[in-house]
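Numbering (the numbering used here), first residue to last: 12 to 410.
Have a look at this one:
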């Protein structure tokens, strides 16, 4: 049987860009289950939208002569011919110099790249599985169209963050028969960047609740002082969130900032947190699912430096909580399970996890940006009535 051939369509290929972490793993392999794993497929073509002095694509083409760089997306998919000549497509529209709109969104050309890929599929009379990095698009309507096109044309499509497929400490998941009442999740970072990672971590957990996913009916984004005012309210009903869940998230962190110099892992008091915020404003997205699950996603850059999650389950006294293990000091090994998930899709032609998850988190990301843009206004979200079931087995990285 011939080895599958893969094309990579990327915005930028430089050190520590997502393209480097993903494409390099297809070329060199990566550590997996106690051995060095080489994907059973060949990355044969590459399109790079922007190149600078720090570009790595030419170096990789010299090291791997079987991978050729093409000047257009169409040529990368057809290998310079007339018809689709690859068996899978990796789309990485992250990093590079692209404009930002008035709402602060970076206008990465994920949708534009995707539609060019689909044009080749249409002209060739056949399709191939596609992976798209992070949220589908900064534009909700475009994101919805991307998913609709994949369904219409019948090709496997997965997207999103590496958070859902990575290790957890402890390695827990929400039982399929559990009823979730409320969730709090913490992360570093800022809007239109790290929010999608935090939301994907939340969604890969809550989608496994009793009944599966029901969609989201409303979202209210808060920023700066409004976050800490809401925090003091102490409950969802009063306009805040469950502080026991919030503390569980703080205590799962391995990278919590100390409010007092010379001390290590001290739990910061609520009044100390505003002074710890650095580089990005404190932000929170409070949103409610159609079945009543209440979620607060917080980004507290400077307070916390990892991703943590806590949920209140009906009938359980203690919160279920975990840390999504994303080690910033490693050679970005959190990309390894994501590449492995792509491999499984390319080999089987079946999505490794639901594209609906990332359609929903894309919509939540856009709604959060919109809510802030409108002055921290609560928004109804009827367009996020996205119902789906999770995979039978959870897909996170376990030992």
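Yeah, the Cβ is synthetic: ideal placement off N, Cα and C, and Gly gets one too.
Inset, instruction - Would you tell me roughly how many angstroms separate the C-alpha atoms of residue 256 and residue 346, rounded to the nearest one? - result: 28 angstroms
Inset, instruction - With residue 332 as the anchor, note down where its alpha helix (DSSP H) starts and where it stops. - result: Looking at the DSSP string, residue 332 is not in any alpha helix (DSSP H); the run it does join, the beta strand (DSSP E), is 331 to 335.
Legend entry - Candidates 104, 359, 198, of which the one nearest residue 313 by Cα: 198
Inset, instruction - Sort out for me which residues DSSP pairs residue 94 with in a bridge. - result: DSSP lists no partner for residue 94.
Legend entry - Ranges of the beta strand (DSSP E) found wholly within the segment 27 to 90, counting only runs of at least 3: 41 to 43, 46 to 48, 53 to 61
Legend entry - Beta-bridge pairing of residue 148 - partner residues as DSSP gives them: BP columns for residue 148 are empty, so no partner.
Legend entry - Nearest residue (CA-CA) to residue 408, options 399, 15, 377, 352: 352
Legend entry - Alpha carbon of residue 327 to alpha carbon of residue 262, nearest angstrom: 19 angstroms
Legend entry - Cβ-Cβ distance between residue 202 and residue 115 below 8 angstroms: yes
Inset, instruction - Out of 379, 31, 391, state which residue places its alpha-carbon closest to the alpha-carbon of residue 209. - result: 379
Inset, instruction - Can you tell me the Cβ-Cβ gap for residue 218 and residue 401, rounded? I've got them flagged as a contact below 8 angstroms. - result: 5 angstroms
Inset, instruction - Under 6 angstroms Cβ to Cβ from residue 36, same chain only, skipping five residues before and after it: list those, please. - result: 350
Legend entry - Residues bridged to residue 109 (per DSSP): None; residue 109 has no bridge partner.
Inset, instruction - Take the Cβ of residue 277 as the centre, count every other Cβ of all protein chains shown within 10 Å, and call the residue buried at 16 or more, exposed below. - result: exposed
Legend entry - Proximity winner among 52, 29, 26, 39, relative to residue 359 (alpha-carbon distances): 52
Inset, instruction - Using only alpha-carbon positions, find the residue among 245, 230, 29, 376 that is nearest to residue 68. - result: 29
Legend entry - Simplified DSSP assignment, three categories, for residue 242: helix
Inset, instruction - Have a look at the DSSP bridge pairing and note the partners of residue 310. - result: 198, 294
Legend entry - Sheet register partners of residue 117 (DSSP bridge): 111
Inset, instruction - Evaluate residue 286 with the Cβ neighbour count: other Cβ atoms within 10 Å of its Cβ, from every protein chain shown; 16 or more gives buried, anything less gives exposed. - result: exposed
Inset, instruction - Tell me whether residue 402 sits in a helix, a strand or coil according to DSSP, three-state version. - result: coil
Legend entry - residue 249, buried or exposed, once every other Cβ within 10 Å from all chains shown has been counted against 16: exposed
Legend entry - Endpoints, the alpha helix (DSSP H) within which residue 389 is located: Segment 389 to 391 is the beta strand (DSSP E) holding residue 389; no alpha helix (DSSP H) there.
Legend entry - DSSP state of residue 183 mapped onto helix, strand, coil: coil
Legend entry - With 16 other Cβ atoms within 10 Å as the buried cut-off, status of residue 388: exposed
Legend entry - For residue 350, the first and last residue of its enclosing alpha helix (DSSP H): 346 to 359
Inset, instruction - Would you decide whether residue 188 is buried or exposed? Buried here means 16 or more other CB atoms lie within 10 Å of its CB. - result: exposed
Inset, instruction - Taking 8 angstroms as the cut-off, decide whether the C-beta atoms of residue 230 and residue 296 are in contact. - result: yes
Inset, instruction - Measure the C-alpha to C-alpha separation of residue 394 and residue 308 and round it to an integer number of angstroms. - result: 20 angstroms
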